[in-house]
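*Asks:* Before we start, here is the structure in question, set down as structure tokens.
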Amino acid sequence: MLLENMSSYFFLLVTVLAILYLKVFETGYGIEHQTEENRNEDESPNECERLQQEKENNYKAVLAIAGTSESAMYSPRDTDSPIQYLLYTPDHPEEPCFLEPNLEALERCPFNATYPMKFLIHGFLVKITPASVDNVFMLMKNKFLALYECNVIVVDWSNYNKPPYTIAAFNSQLVATELSNLIKYLQKNKGIHPENVHLIGQSLGAQMAGAAGRITPNLGRITGDYC
Numbered sequence: 001m002l003l004e005n006m007s008s009y010f011f012l013l014v015t016v017l018a019i020l021y022l023k024v025f026e027t028g029y030g031i032e033h034q035t036e037e038n039r040n041e042d043e044s045p046n047e048c049e050r051l052q053q054e055k056e057n058n059y060k061a062v063l064a065i066a067g068t069s070e071s072a073m074y075s076p077r078d079t080d081s082p083i084q085y086l087l088y089t090p091d092h093p094e095e096p097c098f099l100e101p102n103l104e105a106l107e108r109c110p111f112n113a114t115y116p117m118k119f120l121i122h123g124f125l126v127k128i129t130p131a132s133v134d135n136v137f138m139l140m141k142n143k144f145l146a147l148y149e150c151n152v153i154v155v156d157w158s159n160y161n162k163p164p165y166t167i168a169a170f171n172s173q174l175v176a177t178e179l180s181n182l183i184k185y186l187q188k189n190k191g192i193h194p195e196n197v198h199l200i201g202q203s204l205g206a207q208m209a210g211a212a213g214r215i216t217p218n219l220g221r222i223t224g225d226y227c
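Residues in the sequence shown are numbered from 1 upward in steps of one, following full-length UniProt numbering.
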């Protein structure tokens with residue numbers, strides 16, 4: 001009788017784990033499917049995998065040459081949160097304010113709830129350097145602020161985008177939930193409209209944008225570059 005009960009419990013446990021496993025990969029497939037149409041016609045899935053592997057190999061080579069560790073290269077600049085939301089505005093286009101989902105940050109940062117919001121989300125192995133003038137995300141930020149009155153928020157999740165790629169991909173889904181929570185917090189406490197939010201992602205950042213959009217009702221726009 002005891003063996004029968006143990007067998008039943010074991011079967012139930014395996015079933016639950018199998019459902020969770022399928023749910024995680026179903027989510028990943030949905031996000032990849034969303035960004036499929038944005039992929040360059042000349043870049044096949046195999047080419048994207050090759051590029052990601054090349055990035056990972058280059059990253060390991062840099063660590064070996066520098067003789068340093070991953071934690072030393074990717075130390076957080078703002079100890080309050082391992083995920084950084086760097087807010088730039090027309091009045092403060094160069095110095096970021098580290099936005100967080102709390103009232104202290106909302107009072108400290110020059111956030112204008114009437115402005116549209118542009119979230120810039122990097123991908124695998126990218127390191128955000130606010131002081132770098134040639135960083136592509138800084139260039140995008142500068143162009144947006146030159147053309148529009150808007151809040152530009154650079155999402156720095158470089159503490160979670162390191163090899164292996166499979167772990168970084170899993171982490172991107174968790175960070176997407178945090179990003180969605182931030183948007184909902186701003187909606188509740190600052191009265192922003194999700195329709196005015198534009199998520200712009202590159203590589204894993206594109207998948208993150210899709211995942212955040214899926215759980216953020218009435219999100220305005222998502223733009224993604226797959227590779």
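Built from N, CA and C at the ideal position, the CB exists for glycine as well.
Would you tell me roughly how many angstroms separate the C-alpha atoms of Asn161 and Glu95, rounded to the nearest one?
*Replies:* Residue mapping note: residue 161 aligns to position 161 of the sequence shown, counting from 1. Residue mapping note: residue 95 aligns to position 95 of the sequence shown, counting from 1. Roughly 24 Å between the two C-alpha positions.
*Asks:* Let me check one thing: in DSSP terms, what residues is Ile153 bridge-paired to?
*Replies:* As a working mapping, residue 153 is identified with position 153 in the sequence shown. Answer is Leu87, Phe119.
*Asks:* For the candidate residues Val155, Gly201, Leu182, whose alpha-carbon lies nearest to that of Pro194?
*Replies:* Against the sequence shown, residue 194 aligns to sequence position 194. The residue with the shortest Cα to Cα distance from Pro194 is Leu182.
*Asks:* How should Phe124 be labelled, buried or exposed, when 16 other C-beta atoms within 10 angstroms of its C-beta is the threshold for buried?
*Replies:* Translated into positions along the sequence shown, residue 124 becomes position 124. Looking at its Cβ environment, which holds 16 or more other Cβ atoms inside 10 Å, Phe124 is buried.
*Asks:* Assign Val155 to buried or exposed, taking buried as 16 or more other Cβ atoms, counted over all protein chains shown, within 10 Å of its Cβ.
*Replies:* Taking the first residue of the sequence shown as 1, we reach residue 155 at position 155. Buried, by the Cβ-count rule.
*Asks:* Roughly how many angstroms separate the alpha carbons of Ala113 and Ile192, rounded to a whole number?
*Replies:* Indexing the sequence shown from 1 puts residue 113 at position 113. Indexing the sequence shown from 1 puts residue 192 at position 192. When rounded, the distance between both Cα atoms is 5 Å.
*Asks:* In the DSSP output, which residue or residues are listed as bridge partners for Ile200?
*Replies:* As a first step, residue 200 is located in the sequence shown; it is residue number 200 there, counting from the start. According to DSSP, which records beta bridges pairwise, Ile200 is partnered with Leu120, Thr223.
*Asks:* Out of Leu204, Gln187, Met208, Ile200, point me to the one whose CA is closest to Pro217's CA.
*Replies:* In the sequence shown, counting from the first residue as 1, residue 217 sits at position 217. The option with the nearest alpha carbon to Pro217 is Gln187.
*Asks:* Would you call the CB atoms of Glu149 and Ile83 closer than 9 Å?
*Replies:* Counting from one through the sequence shown, the residue named residue 149 turns up at place 149. Counting from one through the sequence shown, the residue named residue 83 turns up at place 83. Against a cut-off of 9 Å, the Cβ pair of Ile83 and Glu149 comes out as no contact.
*Asks:* In the DSSP output, what is Phe98 paired with across the bridge?
*Replies:* Position 98 of the sequence shown, counted from the first residue, corresponds to residue 98. Under DSSP, Phe98 shares a beta bridge with Leu86.
*Asks:* Quick one: grab the DSSP three-state call for Pro194.
*Replies:* Position 194 of the sequence shown, counting from 1, holds the residue named residue 194. The answer is helix: DSSP assigns Pro194 an H, G or I state.
*Asks:* Comparing alpha-carbon positions, which option in Phe170, Cys97, Pro101, Lys184 lies nearest Gly205?
*Replies:* For the purposes of this step, residue 205 is taken as the residue at position 205 of the sequence shown. If we check each option's Cα against that of Gly205, Phe170 comes out closest.
*Asks:* Report the rounded CA-to-CA distance for Tyr226 versus Val136, giving the unit in angstroms.
*Replies:* Position 226 of the sequence shown holds residue 226. Position 136 of the sequence shown holds residue 136. Taking the straight line from one Cα to the other gives about 16 Å.
*Asks:* Under 7 Å Cβ to Cβ from His92, same chain only, skipping five residues before and after it: list those, please.
*Replies:* What you label residue 92 is simply residue 92 of the sequence shown in a count that begins at 1. In its chain, beyond the 5 residues on either side, Pro110 have a beta carbon closer than 7 Å to the beta carbon of His92.
*Asks:* Taking 6 Å as the limit between beta carbons, can you name the residues of its chain near Gly28, skipping five residues before and five after?
*Replies:* Counted from its first residue, the sequence shown places residue 28 at position 28. Because the pLDDT of Gly28 is 42, which lies under 50, any placement of that residue in the model is unreliable, and the number read from its coordinates should be weighed accordingly. So no residue of the chain qualifies.
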